[in-house]
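Take a look at the structure set out below.
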Amino acid sequence: MATQNDLIEDQLFKMLRRTQAIHVRTASGEVELERSSYGILCLLADEGPQRLGAIATAFRLDPSTITRQVQAVVRLGLAEKSVDPSDRRASLLDLTELGSSAVSEARNHRREMLDRLLSEWSTDEREQFLTSLQRFNETVDVWIERADQTG
1 MATQNDLIED QLFKMLRRTQ AIHVRTASGE VELERSSYGI LCLLADEGPQ
51 RLGAIATAFR LDPSTITRQV QAVVRLGLAE KSVDPSDRRA SLLDLTELGS
101 SAVSEARNHR REMLDRLLSE WSTDEREQFL TSLQRFNETV DVWIERADQT
151 G
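Following our numbering, the numbering of the sequence shown begins with 1 at its first residue and continues without gaps.
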């Protein structure tokens, strides 16, 4: 018999598969954002210019993986590198105007999709879902911090 944690894990994996299946496009369809590109661009939109090492840390990925992903968004003209004024040996990555527009359009598209998906949910159901997601993400953040501290 499946335990509650077994069922939660199954549902988390289903959610992961479903979110990976969503192709995020701008309204014009001119820029297609892969999941990794979308994540990097959202980080830049939310937190401003970032060093590549900080991006790797934020996504808990190897710097070489982030370097390849960053090269893709730079090649598409969605982000650009510049010299970090606080340490001229380092580079900062920031959104271009096209990147900022692409993030905004992609977020609007995703939010419209959520509005359609959750249209039959009551306000209370949406609030409970939001509260549970926030609590889950906060719990994962604490768990990661503890794991990092204990090595």
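Quick reminder that beta carbons are idealized off the backbone N, C-alpha and C, glycines included. These numbers come from a predicted model, not from an experiment.
Exercise. Give the DSSP-derived three-state secondary structure of residue 6 in the structure shown.
Key: Translated into positions along the sequence shown, residue 6 becomes position 6. Residue 6: helix per DSSP, three-state reduction.
Self-check item: Per DSSP, the bridge partner or partners of residue 81
Solution: Against the sequence shown, residue 81 aligns to sequence position 81. 93, per the DSSP bridge assignment.
Exercise. Using three-state DSSP, classify residue 62 as helix, strand or coil.
Key: On the sequence shown, residue 62 is found 62 positions in, with the first residue counted as 1. Coil.
Exercise. Compute the beta-carbon to beta-carbon distance between residue 20 and residue 40, rounded to the nearest angstrom, for a pair I have assumed lies under 8 angstroms.
Key: Counting from 1 along the sequence shown, the entry for residue 20 is found at position 20. Counting from 1 along the sequence shown, the entry for residue 40 is found at position 40. So it is not a contact: roughly 16 angstroms between Cβ atoms.
Exercise. Could you have a look at residue 16 and say whether DSSP puts it in helix, strand or coil?
Key: Along the sequence shown, read from residue 1 onward, the residue named residue 16 stands at position 16. In this structure, residue 16 counts as helix in the three-state DSSP scheme.
Practice problem: Give the DSSP bridge partners of residue 51, in chain order. | Solution: The residue you call residue 51 lines up with position 51 of the sequence shown. Beta-bridge pairing links residue 51 to 92.
Practice problem: Report the option in 84, 18, 86, 96 whose CA atom is closest to the CA atom of residue 114. | Solution: Stepping through the sequence shown from its first residue, residue 114 is reached at position 114. Among 84, 18, 86, 96, the Cα nearest to that of residue 114 belongs to 18.
Quiz prompt | Alpha-carbon spacing of residue 139 relative to residue 78, whole angstroms | solution = Residue numbering aside, residue 139 sits at position 139 when the sequence shown is read from its first letter. Residue numbering aside, residue 78 sits at position 78 when the sequence shown is read from its first letter. So the two alpha carbons sit approximately 33 angstroms from each other.
Practice problem: Would you please state the rounded distance, in angstroms, between the beta carbons of residue 103 and residue 95? I believe it to be under 8 angstroms. | Solution: Taking the first residue of the sequence shown as 1, we reach residue 103 at position 103. Taking the first residue of the sequence shown as 1, we reach residue 95 at position 95. Sure, about 7 angstroms apart at Cβ, within 8 angstroms.
Practice problem: Go ahead and label residue 37 buried or exposed: buried means 16 or more other beta carbons lie within 10 angstroms of its beta carbon, across all protein chains shown. | Solution: Counting from one through the sequence shown, the residue named residue 37 turns up at place 37. The residue in question, residue 37, is buried, as its Cβ has 16 or more Cβ neighbours within 10 Å.
Self-check item: Assigned secondary structure, residue 130 (DSSP; H/G/I helix, E/B strand, else coil)
Solution: The residue given as residue 130 occupies position 130 in the sequence shown. In this structure, residue 130 counts as helix in the three-state DSSP scheme.
Quiz item: CA-CA distance, residue 142 and residue 150?
Solution: Translated into the one-based positions of the sequence shown, residue 142 becomes position 142. Translated into the one-based positions of the sequence shown, residue 150 becomes position 150. Distance between the alpha carbons of residue 142 and residue 150 is about 12 angstroms.
Quiz item: If we count the other Cβ atoms within 10 Å of its Cβ and call it buried at 16 or more, is residue 127 buried or exposed?
Solution: As a position in the sequence shown, residue 127 is number 127, starting the count at 1. Label assigned to residue 127: exposed.
Quiz prompt | Proximity to residue 90 [Cα-Cα], best of 122, 107, 54 | solution = Along the sequence shown, one-based indexing puts residue 90 at 90. Considering only alpha carbons, the answer is 54.
Practice problem: Report the option in 12, 107, 16, 35 whose CA atom is closest to the CA atom of residue 46. | Solution: If you number the sequence shown from 1, residue 46 lands on position 46. Among 12, 107, 16, 35, the Cα nearest to that of residue 46 is on 107.
Practice problem: Please check the pair residue 63 and residue 56, which I expect to be a contact at CB under 8 angstroms, by giving their CB distance rounded to whole angstroms. | Solution: Position 63 of the sequence shown, counted from the first residue, corresponds to residue 63. Position 56 of the sequence shown, counted from the first residue, corresponds to residue 56. Residue 63 to residue 56, Cβ: 5 angstroms. Contact.
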